[in-house]
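**Student:**
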Ligand SMILES: *[C@@H]1O[C@H](CO)[C@@H](O)[C@H](O)[C@H]1NC(C)=O
Ligand SMILES: *[C@@H]1O[C@H](CO)[C@@H](O)[C@H](O)[C@H]1NC(C)=O
């Protein structure tokens, strides 16, 4: 099962590849090997372009978007022989960009938040107004932009292809290969002349942060910048680089925006950047991210915003006992408790419970490690200071979690059961006396007995429902 973040990530990948024709990316750590891999990729793209780009990018990602599928249906052998790069000439209106289409430099590309598709139009605002006027007068629009032609791009890419042809795997020939390649700066100049931008990941992130931080950008431009940024910060090195020029703080401040969309997408970027990245997590705590995330969760915001904020909070807390301590001090458990009781936020309850489960088991794992693999003493010390269990018991989480067992979904029940098991230490006494819980458990037991029996009749050993039944039985046993 892929998480939501991963799905979006691969969707983003796909879209990035689509616009690749206008933006050739260079790895941030430019090593000789990196350059060669990059040239190989460029040669590959070049051959794709020659074969008409559509559907080729799906090689990098086996999934095909519905747009690509649609295109495939209409594609014929003739179209595949077409040598021309498909360059999309934007007008003053937003139009959907199809996979494989390049856009002239200076075009304005945005993400349509409703459809998830990229849209393009001419960038110049004044021209836009003028064009509108002209259009009303019935005149033809002047679509002549200062962009590159498909021929320019193809010949530039063909140069890469020649170079790669000479490459041998033999290490001794690397010098030779090195001499045959022109310095990367030369290549960059070529591309600049074509208005094709070669940027390192760091440069791209700086550009996106500037776009987001500038007072002159529109809301949709800000959101597009955040959306693009999220793709980059999945890489740990990139997320750390974001610290080097103050980019992380700009995104954290985005949580203070008056626009819900900016809050939502800032949280989206932060969640990706925090993920298993201690250096970024520490900076985020210092930058006040935790308070801001909790304030959003505690106040009136749409579900979409709270969902992403909860995601960012979970990333910030996981594997970071100091943040967990601060979270408890700031009343984080109360905030989450109110959240699961809030009308319209039911679907967040299971995510909250999953977060608590992770925190409880993380702490238990560190505190009860087996011999030979002791974690550093400071770490154990830090986790000891996270007084999670008493907080959970005092604030009524025992019954909140057991109350969620009535959810209709098997997957949700599984998560709740798992959490009930993890909460046994602080909640055992309460659960023993909880009549509602025992009747729910009896009901579930009967339900899964039936489902498990059916599974066995169907010839399935150790099936999902048999496992669920086993989990329920062992929980009931442990309660006694
Ligand atoms: C963001 O904008 C503010 C105010 O305009 C400025 O002071 C700050 O340096 C900018 N930050 C970055 C990282 O560009
Ligand atoms: C940002 O939000 C935090 C908490 O949400 C608040 O304490 C702070 O004053 C806000 N900062 C600005 C600059 O609005």
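In the numbering used here, the protein residues as written are 623 to 1102.
From the three backbone atoms N, C-alpha and C, an ideal C-beta is built for every residue, glycine too.
1) Report yes or no: do three or more beta-carbon pairs, one from the segment 1016-1033 and one from the segment 999-1006, lie closer than 8 Å?
2) Within the same chain, show all residues whose beta-carbon is closer than 6 Å to that of residue 893, passing over the 5 residues directly before and after it, in chain order.
3) Quick check: what's the CA-CA separation for residue 1021 versus residue 1090?
4) Just the Cα atoms here: how many angstroms apart are residue 1063 and residue 1096?
5) Regarding residue 742 and ligand 1, is the C-beta to nearest heavy atom distance less than 7 Å?
6) Compare the C-alpha of residue 1035 against each of 1093, 949, 742 and name the closest.
7) Just to check my reading of the structure: residue 889 and residue 931 have Cβ atoms closer than 8 Å, yes? What is that Cβ distance to the nearest angstrom?
8) Note down, in chain order, each residue of its chain lying with its Cβ closer than 8 Å to the Cβ of residue 1072, except the 5 sequence neighbours on either side.
9) From residue 1067 to residue 1087, what distance separates their C-alpha atoms?
10) Rounded to a whole number of angstroms, what is the C-alpha to C-alpha distance between residue 906 and residue 1039?
11) In angstroms, rounded to a whole number, what distance separates the CA positions of residue 865 and residue 826?
12) Between residue 1005 and residue 988, is the Cβ-Cβ spacing less than 8 Å?
13) What residue from 1082, 1061, 978 has the CA that sits closest to residue 1042's CA?
14) So, is residue 1100 buried or exposed, given that buried needs 16 or more other C-beta atoms within 10 angstroms?
15) Sorry if obvious, but does the Cβ on residue 878 come closer than 7 Å to a heavy atom of ligand 1?
16) If you count every other CB in all the chains shown that lies within 10 Å of the CB of residue 878, and 16 or more means buried, which is it?
17) If we call anything under 8 Å between Cβ atoms a contact, is residue 1108 one with residue 844?
18) Quick one: using the 10 Å Cβ neighbour count with 16 as the cut-off for buried, is residue 639 buried or exposed?
19) Per DSSP, what kind of secondary structure is residue 881 in: helix, strand or coil?
**Tutor:** From the atom records:
1) The segment 1016-1033, when compared against the segment 999-1006, does not touch it at the 8 Å Cβ threshold.
2) As a position in the chain shown, residue 893 is number 271, starting the count at 1. Around residue 893: 933, 934, 937.
3) Translated into positions along the chain shown, residue 1021 becomes position 399. Translated into positions along the chain shown, residue 1090 becomes position 468. If I take the Cα positions, the gap works out to 21 Å.
4) One-based indexing of the chain shown puts residue 1063 at position 441. One-based indexing of the chain shown puts residue 1096 at position 474. Linking residue 1063 to residue 1096 through their CA atoms gives a straight-line distance of about 11 Å.
5) Here residue 742 corresponds to residue number 120 of the chain shown, with the count starting at 1. Flag unset: Cβ of residue 742 not near ligand 1.
6) The residue given as residue 1035 occupies position 413 in the chain shown. Checked all of 1093, 949, 742; the closest Cα to residue 1035 is 1093.
7) Mapped onto the chain shown, residue 889 falls at position 267. Mapped onto the chain shown, residue 931 falls at position 309. Confirmed, about 5 Å.
8) Numbered from its first residue, the chain shown carries residue 1072 at position 450. None.
9) Position 445 of the chain shown holds residue 1067. Position 465 of the chain shown holds residue 1087. Spanning the two alpha carbons is a distance of roughly 10 Å.
10) To locate residue 906, count along the chain shown from 1; it is residue 284. To locate residue 1039, count along the chain shown from 1; it is residue 417. Cα to Cα, the separation comes out at about 33 Å.
11) As a first step, residue 865 must be located in the chain shown, where it is residue number 243. As a first step, residue 826 must be located in the chain shown, where it is residue number 204. Their backbone Cα atoms lie some 14 Å apart in a straight line.
12) Translated into the one-based positions of the chain shown, residue 1005 becomes position 383. Translated into the one-based positions of the chain shown, residue 988 becomes position 366. With contacts defined as CB atoms closer than 8 Å, residue 1005 and residue 988 qualify as a contacting pair.
13) Here residue 1042 is taken as the residue at index 420 of the chain shown, counted from 1. Taking residue 1042 as reference, the option from 1082, 1061, 978 with the minimal CA-CA separation is 978.
14) Within the chain shown, numbered from 1, the residue matching residue 1100 stands at position 478. Flag for residue 1100 reads exposed.
15) Here residue 878 refers to the residue found at position 256 when the chain shown is read from its first residue. If you check the C-beta of residue 878 against ligand 1, you find no heavy atom less than 7 Å away.
16) By 1-based counting over the chain shown, the position of residue 878 is 256. With fewer than 16 other beta carbons inside 10 angstroms of its own, residue 878 counts as exposed.
17) This structure gives no information on residue 1108, because the portion of the chain shown stretches from 623 to 1102.
18) As a working note, residue 639 is residue 17 in the chain shown. For residue 639, the predicted structure reports a pLDDT of 37, less than 50, and the residue's modelled location is therefore unreliable. A value from the coordinates is still provided. The residue is buried, with at least 16 neighbouring Cβ atoms inside 10 Å.
19) The count along the chain shown starts at 1 and reaches residue 881 at position 259. Three-state result, residue 881: coil.
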